[in-house]
Structure formats: C-alpha cells, structure tokens
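Colleague: Protein chains in written order, with my numbering: chain A, 1 to 244; chain B, 245 to 488. Glycine included, each C-beta is placed from N, C-alpha and C at the ideal position.
Protein chains: 2
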Amino acid sequence: MSFILLLDMSDPLATLPPSSSVGDYVKAIWEIAGSEAASTKDVAARLSVSSASVTNMFGRLQEMGLAEYERYRGASLTAAGRREALRLVRRHRLIETFLLEHLGYSWQDVHEEAERLEHAVSDEFTERLADMLGHPGRDPHGDPIPAADGTLAVESLKSLGETEAGQRVLIVKVKDDSAQVLNYLGERSLVPGRSVKVREVRALDGVVTVEDEGGVEHALGESLARAVFVQSTLEGVQDPVAPA
Amino acid sequence: MSFILLLDMSDPLATLPPSSSVGDYVKAIWEIAGSEAASTKDVAARLSVSSASVTNMFGRLQEMGLAEYERYRGASLTAAGRREALRLVRRHRLIETFLLEHLGYSWQDVHEEAERLEHAVSDEFTERLADMLGHPGRDPHGDPIPAADGTLAVESLKSLGETEAGQRVLIVKVKDDSAQVLNYLGERSLVPGRSVKVREVRALDGVVTVEDEGGVEHALGESLARAVFVQSTLEGVQDPVAPA
DNA sequence: CTTATATTTTAGTCTTGCCTAAACTGTAAA
DNA sequence: TTTACAGTTTAGGCAAGACTAAAATATAAG
C-alpha cells in the first residue's frame, strides 16, 4: 500500500500583486456599477474585449477576493476590490491632472495616455506626483480624486438641467464621454471653478440658458446641460480648480 | 469547379509595434555591446532571465530585422535595432531627469521607476516631457540623451584615472552600477557641472586626488576615480547640468 | 589531441489574457 | 405557455514570454 501526499501550501492568487488587466476589470466594474453588480456585457463593451473573456476574469476576481460573482448575474466589488479600484482611479486622475496642467495635453489625448501610465507607475510615484501637484481634491474635469487610503467622499451634485432659473451656481464638474462636448464647453470657459447664473430652464426641450461671469449668455441643449454639474454658490466648494 | 483563394498580405512581425519585452532586449544589447555582438549569457544576466529565453528572443529579433544573430556567437543590432534602442534610451533618460528634478526621487529609486515607465509612455509624452525639461542634452548622471530622430553623438570622455596632475577638468558624467558610489560622490558635490583640479594621479594604487571648487581635497580610490568622467575645461561642455 | 568546463541551444511546459464557435439560460412577447 | 432572442457561459485555441532539463557546442587546459 502506498500513499502519495501532495502539499501545496502557497496560494499564488492570494499573494501575487494584481496584474494590470485585473485592475482594468476592477476599475471597469466600479465605473459602471459602483457597488452594484456589473454585467458581463457592459464590462466587455467598456474594455473592448469579448464577453467570454469577461466571464473568465469574473471568476478570477472572485478567487482573488476582489469581487463576488454569480453566474448570469454579474460581478460586484468586495471591499478589497473597491479599494483597489479607487487606488487606480486616484492614479488616473492625478496623472490626468499632470498631463493637462504641466505637459499641455488636450482633453482628447489625456485619457488614453493616462490609461497606459496608470499601470506603470508605483504608489511612490503617485504620492510624489500628488505632492508636486499640491494634493488636488479634484482633477481638471472636476472629478474628485480618491484619498491615498482608498476612500472617496460621496458627492451629490446637480446637473444644470436640475437647477432652477434665478440661481447662481458654481460649476464643479464637467463630465461627458465625447471630447466634442468637453471642447465646446472648454472654449466657452464653462469649466470647473467658474460660476454662472441660471436664466432659464425650459422643460419643453431641456435647453438651459446661463449667463457667465462676463455677462455672456449661453443656451445649452439637453446633452450639454447634462454634462455640467453644479453646486449652489452658498455652499463652499471643496477644492476649486483654477479657471483655465 | 471551385476555387478557394487565400490572401494574407499582412506580415504581422514586420508591421506590429515591438512589444515591451522586445524593447528590453534591444536596449540590453545596446547597453552591453553597442554595435558589437552581445552574448546570450550577458543579456540573460542583465534582464534576469534564463539563457533559453534570450536565445529564443534573439531569433525573434532577427526575424523582426532588429538584430543579426548567429548561433553561439550572440546578437548585434541592425540600424533599425539601434534606432529602437536609442528611442528607448531617450525615453529612459528624460524620465529619469524628470523624476530627479521634479519629483525629488533619489538616485537609488530612479532607475527602477524609469524602467517601468519607459514602456508605458508614448512618443508624444516623451516629446512633451522634453519640452517641459527644456530639451536637456544630458541626464542628471551626465549621460547624453539621444535626439528624437534616434541619433547620438559619440563622445570620448576620459575617466579621472586617465588624467594628469595639474589639469583643471570639468566633471561631465558620473557612471556606476552601485548607488553607494553615486551617493558618495553626490554628497561631496562631485557631480556633472562641477570642475576640479587634479592634484595627483598615483599609478601605484590608482588613487586620484582632486581639489574641488571650494578648495577641499578629495582622495578617490580606483573604483571611484573610474566612475567620474571629465573633460578639459578648455573645450566647451555641450550641455552643463546645473550643480545640485 | 583529448577532456573538462562553461555556454548555448533544443525540447517541452506553463501562465496570462485574449479569441471564436457552440451550447445554454432567462426573460419578454405572442 | 411556448417561442424567440439577448445575454452568458463553456469548450477549445492561440500567441507572447517565461521556465526547466537535457543535449549540443565551444573553449581552454592538460
């Protein structure tokens, strides 16, 4: 009678640093669903990979303890997964800030470059960069930058379409997937840090008319108004980005 | 009668951008051998990789037209390979300059971070960084930075050990694998841009004694003297780096 | 000229991350 | 309630880049 005894005390998945594409998936889940479950399809679309690849990675994320995954129901981040996602988001937004403010990148080119860089830089680099930039609380788009410890304050901003005529509001964030929209607003200095007076919010077609600091009026259609997030000027803004 | 016509006009090896590890190998060959042939073993040691992996990659470099390779004799770069290597060296040295001068990195940490970053940045990033840095001709170690077109002027510098007593010389470059050596010299401001007067070059044990700008004398042993490269102060230095 | 040693190459595998094609599941419409 | 279809998973593969072990070659020493 003979025995074969197999001992494998190492769990490589638990100890190895997450590879670069693991980070992509975790970040994608966070961006798509926050703390809800993200579907295979949505993640596949965002990362431009096949659904099969996503299913496969969801299984691995589960093993690594970064996500919970149930067949046909998508994946949602665990606390560890969320921390990892925010670590990458912090890198990304700090890098974007650097590219825009110090290297003169345009809003179009920034995202792609930052996407590649965020996988290559160390935490040391990230924190030194944060130092150099003066620890900004928001990136140039107005998106909040997660803290080094992986926390991010929840924010409740209204879009321009949700405001009421007569209010004076501060532009805090400008968010849109289209570079065109960003450029249009940028050219007119409707950027984070500027304030405007809401002249009219027309329920009929969603057009919002605002008056900028120089007294010029701008009529913004629904999609433009949806991209601009504001705060009442009475509340202080946490970290105003200097006007361009 | 029917035909099946197969057309494959693409040659993936010739058109695909070199992957990141291809660059590592090309750069390693350049750093080890310049335009001579680098041995499998030396490249393996430098990249911390097995000899078998190197042999394998040498074959691929040959196919890609980046190197010429003959079994048992090592690989040497072609013109294309040399261009590719210099492109990466340019990136590396510009990134190092940035890390040291703008992010406050120490000489120890710089290399590793730059090594990772140089694979992630685009040519666009590289050139914008060069702009920001004022198009330096040398990095903080004094190593010349290849031009954007992939050319690098040959330089013929003498090490301190090759000078003669009585000469006044300008320190142009400080090169050593050991961070200790770099730190020792750095602490004493024996860095690129400074000039010293050679007091004695002792053939017996290789000790070189120099007097710095403040009149302080330093006795440098053989290995220290070999790390310091100088130029006669009569010739102009191409791109002096400001003293620390 | 032969042998010992160092180096190099070959052969076969592994892991990560992606793919396509085919099978499966859940949901919403007829 | 059955059917159609969108979305998901399974199965099988591929390429890059690394590894180990074993075979081959070169070189240096006797």
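Taking the alpha carbon of B/Asp375 as the point to measure from, which residue in B/Leu338, B/Asn300, B/Ala323 has its own alpha carbon closest?
Modeller: The shortest Cα separation from B/Asp375 among B/Leu338, B/Asn300, B/Ala323 belongs to B/Leu338.
Colleague: Taking only the alpha-carbon atoms, compute the straight-line gap between B/Arg360 and A/Leu160 and give it to the nearest angstrom.
Modeller: Rounded to the nearest angstrom, the two C-alpha atoms are 42 Å apart.
Colleague: Going along chain A, which residues have a C-beta under 9 Å from B/Ala392?
Modeller: The contacting residues do not exist; B/Ala392 stays about 16 Å from chain A at best.
Colleague: Using DSSP with H/G/I as helix, E/B as strand and the rest coil, what is A/Glu84?
Modeller: Helix at A/Glu84.
Colleague: Say the cut is 7 Å; is the CB of A/Ala45 nearer than that to a heavy atom of the ligand NAD?
Modeller: This structure lacks the ligand NAD, and indeed carries no ligand of any kind.
Colleague: Who are the neighbours of A/Gly104 on chain B, taking C-beta pairs under 7 Å?
Modeller: Per Cβ cutoff of 7 Å: Arg372.
Colleague: For the segment 60 to 119 of chain A, which segments carrying the beta strand (DSSP E) assignment without a break, of at least 3 residues, lie completely within its bounds, in sequence order?
Modeller: Runs of the beta strand (DSSP E) inside the segment 60 to 119 of chain A: 67 to 70, 74 to 77.
Colleague: Where A/Ser122 and A/Glu96 are concerned, what is the direct C-alpha to C-alpha distance, given to the nearest angstrom?
Modeller: Roughly 16 Å separates the two Cα atoms.
Colleague: What does the Cβ neighbour count give for A/Arg71, buried or exposed, with the cut at 16 atoms within 10 Å?
Modeller: Burial call: exposed.
Colleague: Indicate whether at least one CB of chain B lies closer than 8 Å to the CB of A/Arg116.
Modeller: So, interface residue.
Colleague: Exposed or buried, which one is A/Val174 when buried takes at least 16 other CB atoms within 10 Å?
Modeller: Buried: at least 16 other Cβ atoms inside 10 Å.
Colleague: Give the residues of chain B in contact with A/Glu96, contact being defined as C-beta atoms less than 9 Å apart.
Modeller: Within 9 Å Cβ-Cβ: nothing; A/Glu96 doesn't reach chain B, min ~13 Å.
Colleague: Could you check what DSSP says for A/Ser53 in three-state terms: helix, strand or coil?
Modeller: Helix, per DSSP.
Colleague: With a cut-off of 8 Å on the beta carbons, I'd call A/Ala44 and A/Ser35 a contact; round off their distance for me.
Modeller: The Cβ separation is near 20 Å, so there is no contact.
Colleague: Entirely within the segment 174 to 228 of chain A and at least 3 residues each: give me those beta strand (DSSP E) ranges in chain order.
Modeller: Runs of the beta strand (DSSP E) inside the segment 174 to 228 of chain A: 195 to 201, 208 to 211, 217 to 220.
Colleague: Can you give me the Cβ contacts of A/Val169 inside the same chain, cut-off strictly under 7 Å, excluding the 5 residues immediately before and after it?
Modeller: Hits under 7 Å: Thr163, Ser195, Val196, Val198, Val230, Gln231, Ser232, Thr233.
Colleague: DSSP three-state call for A/Val26: helix, strand or coil?
Modeller: Residue state, collapsed to three classes: helix.
Colleague: First and last residue of the alpha helix (DSSP H) that includes A/Ala130?
Modeller: A/Ala130 -> alpha helix (DSSP H) spans 123 to 133.
Colleague: Here's the rule I'm using: 16 or more other beta-carbon atoms within 10 Å means buried, otherwise exposed. How should B/Leu320 be labelled?
Modeller: In the sequence as displayed, the identity of residue 320 of chain B is Ser instead of Leu. Answer is buried; the Cβ neighbour count reaches 16.
Colleague: If we ignore side chains and look at the alpha-carbon of each, how far apart do A/Arg226 and A/Gly206 end up?
Modeller: Cα-Cα distance, rounded: 9 Å.
Colleague: Tell me whether the beta-carbon of A/Pro144 lies closer than 8 Å to the beta-carbon of A/Gly137.
Modeller: In contact: A/Pro144 and A/Gly137 (Cβ atoms closer than 8 Å).
Colleague: What does a CB cutoff of less than 7 Å around A/Leu99 pick up in its chain, not counting 5 residues either side in sequence?
Modeller: So the list reads Tyr105, Val110, Glu113, Ala114, once near-sequence residues are dropped.
Colleague: I need the straight-line Cα distance from B/Thr299 to B/Asp421, nearest angstrom please.
Modeller: Computed Cα separation, rounded: 26 Å.
Colleague: Suppose the cutoff is 6 Å on Cβ atoms and the five residues either side in sequence are ignored; what does the same chain contact list for A/Leu185 look like?
Modeller: So the qualifying residues of the chain are Val174.
Colleague: Counting only Cβ pairs nearer than 9 Å, list the residues of chain A close to B/Val365.
Modeller: Correct list: Glu113, Arg116, Leu117, Ala120.
Colleague: Can the beta-carbon of A/Gly74 be found closer than 8 Å to that of A/Ser20?
Modeller: The answer is no: Cβ separation not under 8 Å.
Colleague: Strictly below 7 Å CB to CB, what residues from chain B border A/Met132?
Modeller: Those are His346, Leu347, listed as they occur along chain B.
Colleague: Can you give the Cα-Cα distance for A/Pro192 and A/Glu155, rounded to whole angstroms?
Modeller: Each residue's alpha carbon lies about 15 Å from the other.
Colleague: Exposed or buried, which one is B/Ala397 when buried takes at least 16 other CB atoms within 10 Å?
Modeller: Its Cβ having fewer than 16 others within 10 Å, B/Ala397 is exposed.
Colleague: My output table needs one value for B/Leu414: the three-state DSSP class, helix, strand or coil.
Modeller: Strand, per DSSP.
Colleague: Can a CB atom of chain B be found closer than 8 Å to the CB of A/Phe58?
Modeller: With 8 Å as the cut-off, A/Phe58 does not count as an interface residue toward chain B.
Colleague: How is A/Val230 classed by DSSP in three states: helix, strand or coil?
Modeller: Three-state result, A/Val230: strand.
Colleague: Short check: CB of B/Leu401 to CB of B/Val425, under 8 Å?
Modeller: Not in contact: B/Leu401 and B/Val425 (Cβ atoms no closer than 8 Å).
Colleague: Taking 7 Å as the limit between beta carbons, can you name the residues of its chain near A/Pro146, skipping five residues before and five after?
Modeller: For A/Pro146, where only same-chain residues beyond five positions count, the Cβ hits under 7 Å are Leu86, Val89, Arg90, Leu152.
Colleague: Residues of chain B with CB closer than 7 Å to the CB of A/Phe229, please, in chain order.
Modeller: Neighbours of A/Phe229 on chain B: none; closest Cβ ~29 Å, over 7 Å.
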